[in-house]
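Here's the structure we're looking at; comments come further down.
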Amino acid sequence: MTTKPTRWLASRLGRRGAALAVLGVLFLLIGFQAGVTPAATELGPRFLLHTMLPAPIEALLWVVPGSLALWASVHKGPGPDGFGFNALVVPVILQIVSYLISFIAFLTGASTWPYALATALIWLAVLALVLIIAGWAEVPTGYRPRRGWRHPRD
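With this note's numbering, the residue at position 45 of the sequence shown is 1371, and numbering never jumps.
As structure tokens, this is what we get:
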């Protein structure tokens, strides 16, 4: 079911652009949260690499891709919006690697937190979502050539 605001957004940005804008805003919010929230001093049994980064660096790892995705979603011109999707992949891969290393630490006995694999799989699903949306073809706008018009290559 579509609503008037979603139809308006899709008509202005297209489906890829609308999805890119939503993901860009989401990544910006994650980045702002990472920048404002103080770092956890006690993680308990967890061993997470991304928590060892300074807060400004971690915030930039989310804000820069989110900003690029937003810019790519509204960018008008002949260039593709693929760089916006490529930018969104970077922080997600960092999260996946961080949680996989934490799971390996659990398997070797260096950590007692067994849920890192489940979290890595959740971030893998987010990565799959970004890549699936990046592979969408844009829906035609309804433009129809004049009757009798033929493409020059025909």
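Heads up, the beta-carbon is just placed ideally off N, CA and C, and yes, glycines get one too.
Under the three-state DSSP convention, the category residue i falls into
i: residue 1434; result: helix
i: residue 1340; result: helix
i: residue 1440; result: coil
i: residue 1333; result: helix
i: residue 1449; result: helix
i: residue 1461; result: coil
i: residue 1363; result: coil
i: residue 1374; result: coil
i: residue 1379; result: coil
Outcome for residue i when other beta-carbon atoms lying within 10 angstroms are tallied against a minimum of 16
i: residue 1391; result: buried
i: residue 1457; result: exposed
i: residue 1399; result: buried
i: residue 1438; result: exposed
Integer-rounded CB distance, given that residue j should sit under 8 Å from residue i
i: residue 1442; j: residue 1396; result: Going by Cβ atoms, the distance from residue 1442 to residue 1396 rounds to 31 Å, so no, they are not a contact pair.
Any non-hydrogen atom of the ligand MG within 7 Å of residue i CB
i: residue 1388; result: For the ligand MG, the structure offers nothing, since it holds no ligand at all.
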